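Enquirer: Residue numbers (the working numbering): 49 to 353. Yeah, the Cβ is synthetic: ideal placement off N, Cα and C, and Gly gets one too. Bear in mind the structure is a predicted one, so any value in this text is a computation, not a measurement.
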Amino acid sequence: MSTARTTNDTNSSSTTFQQSYSSELMLKELYMLCETSPERRRDRDRRHRQHYLLKRTWGRNYQIPLENPSLIIDWCCATAVWDIELAFEFPNAKVVGIDYESVTVASLTNTVKNFSFHNAMIHQGETGLKEFGDNQVDYIMMRDVWLVNAPACKWTNLLKEIYRILKPGGYIEIYEQDTNFKSMGPKLTILEQWSDRFYEAIKVDRNTNSELGSYLKNAGYTNVNEKSIELPIGEWPDSKEMKETGYLQKDITERRFRESKRWYCKFNNLTEREYTKTLIQAIDECDDYKTTVRSFYFSAQKPSL
């Protein structure tokens, strides 16, 4: 009887903990770590590599007709590699990167004169956009921001704030990746079951990334453009180009899972060894099962006057 009560109490405590958890708390745990910690280094490295994968996938740094911009914002800029490339391409424009404080990114402001970094506690719900006046910004970029915008109501609030500061006719672009995979092997299927519990615990709707076009329309944007590209995970495609893309996507996918290891283990009661072994097997079998994942692109404009 005593053992049964203890087990029930433990399960109850675990359930209560997961109910009180959120993606915001997870991000606080990550960004309160030292900048040289393994988790922070993995986060920066993955996001830096993802820049080049996105550029390869979509062909360039932006898809909109961008002419003589004066103010560009990269919201959640990570390592700011995109920002620096845009700053060089448009030397007469001011390029602003907004993200959690980073010594590495902040130091770039000394060498690239038309780039500036603005610190914002994004993981605590700040946007860093309130300092910008109405109708000031030509173009805002967002990439891989699904986690900081969970739960989905944050998207609604953020898009309204962006709408306010965009010039009439100004553009917003969003690049996200699907959190669901297609054509999975048995080990990746297990990993996906763990993912379901993980996303449920941190209150993330896995379908939001594919629905951002509707969010843009509801926020009042016009000329909403939606595209998606199916990317291979692994080197199974026949063409050299897609084989190389698959290699890069496989690397990014594995890095994302490794980055989240401590939270997957926490919410699924796994040992790190069990998780790592399953992850390695899941990634390896992607070539055999020709696994894919979608890359999403959205663009829209604030209506012209």
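Please classify Arg342: does DSSP put it in a helix, a strand, or coil?
Expert: Numbered from 1 along the sequence shown, position 294 holds the residue referred to as residue 342. Of the three classes helix, strand and coil, the one that applies to Arg342 here is strand, per DSSP.
Enquirer: With burial defined as no fewer than 16 other Cβ atoms inside 10 Å of the residue's Cβ, what is the status of Lys275: buried or exposed?
Expert: Position 227 of the sequence shown, counted from the start, is the residue given in the question as residue 275. By the 16-neighbour rule on beta-carbons within 10 angstroms, Lys275 is exposed.
Enquirer: Throw me the rounded Cβ distance for the Tyr295 and Glu307 pair, which I believe falls under 8 Å.
Expert: Here residue 295 refers to the residue found at position 247 of the sequence shown. Here residue 307 refers to the residue found at position 259 of the sequence shown. The Cβ separation is near 19 Å, so there is no contact.
Enquirer: Output needed for Lys230: all residues of its chain with C-beta closer than 6 Å, excluding positions within five of it in sequence on either side, in chain order.
Expert: Along the sequence shown, read from residue 1 onward, the residue named residue 230 stands at position 182. Closer than 6 Å at the Cβ level, and outside the excluded window around Lys230, lie Thr340.
Enquirer: Using the Cβ count rule (16 or more neighbours within 10 Å means buried), how would you classify Gly176?
Expert: For the purposes of this step, residue 176 is taken as the residue at position 128 of the sequence shown. Gly176 comes out buried.
Enquirer: Output the distance between the C-alpha atoms of Thr105 and Thr326, rounded to the nearest integer angstrom.
Expert: Your numbering for residue 105 matches position 57 in the sequence shown. Your numbering for residue 326 matches position 278 in the sequence shown. If I take the Cα positions, the gap works out to 28 Å.
Enquirer: Could you pull the DSSP bridge partners for Asp253 from this structure?
Expert: Working through the sequence shown from its first residue, we reach residue 253 at position 205. DSSP output for Asp253 lists no bridge partner at all.
Enquirer: Touching or not, the region 246-254 and the region 297-314, by the rule of three or more beta carbon pairs under 8 Å?
Expert: Under the three-pair Cβ rule at 8 Å, the region 246-254 counts as touching the region 297-314.
Enquirer: Just to confirm before moving on: does the CB-CB distance between Leu223 and Gln349 stay below 8 Å?
Expert: Residue numbering aside, residue 223 sits at position 175 when the sequence shown is read from its first letter. Residue numbering aside, residue 349 sits at position 301 when the sequence shown is read from its first letter. A quick correction: the sequence has Tyr, not Leu, at residue 223. Their beta carbons are not under 8 Å apart, which means Tyr223 does not touch Gln349 by this criterion.
Enquirer: Could you check the C-alpha separation between Val196 and Met190 for me, to the nearest Å?
Expert: In the sequence shown, residue 196 corresponds to position 148, counting from 1. In the sequence shown, residue 190 corresponds to position 142, counting from 1. If I take the Cα positions, the gap works out to 11 Å.
Enquirer: Distance check for Trp123 and Asn56, CA to CA, integer angstroms please.
Expert: For this step, residue 56 is matched to residue 8 along the sequence shown. For this step, residue 123 is matched to residue 75 along the sequence shown. Residue placement at Asn56 is poorly supported in this model, since its pLDDT is 44, which falls under 50; the coordinates are not used for a value here.
Enquirer: By how many angstroms is the C-alpha of Met169 removed from the C-alpha of Tyr110?
Expert: Along the sequence shown, read from residue 1 onward, the residue named residue 110 stands at position 62. Along the sequence shown, read from residue 1 onward, the residue named residue 169 stands at position 121. For Tyr110 and Met169, the distance between alpha carbons rounds to 26 Å.
Enquirer: In the region 197-260, which residue ranges form an unbroken alpha helix (DSSP H) of at least 4 residues, counting only runs that do not cross its ends?
Expert: 201-213, 234-249
Enquirer: From Asp202 to Phe163, what distance separates their C-alpha atoms?
Expert: Your numbering for residue 202 matches position 154 in the sequence shown. Your numbering for residue 163 matches position 115 in the sequence shown. According to the sequence provided, residue 202 is Lys. The question's Asp does not apply to it. Cα-Cα distance, rounded: 27 Å.
Enquirer: Could you check which residue in Ile188, Asp332, Ser347, Phe315 has the C-alpha nearest to that of Lys298?
Expert: Counted from its first residue, the sequence shown places residue 298 at position 250. The shortest C-alpha separation from Lys298 is found at Asp332.
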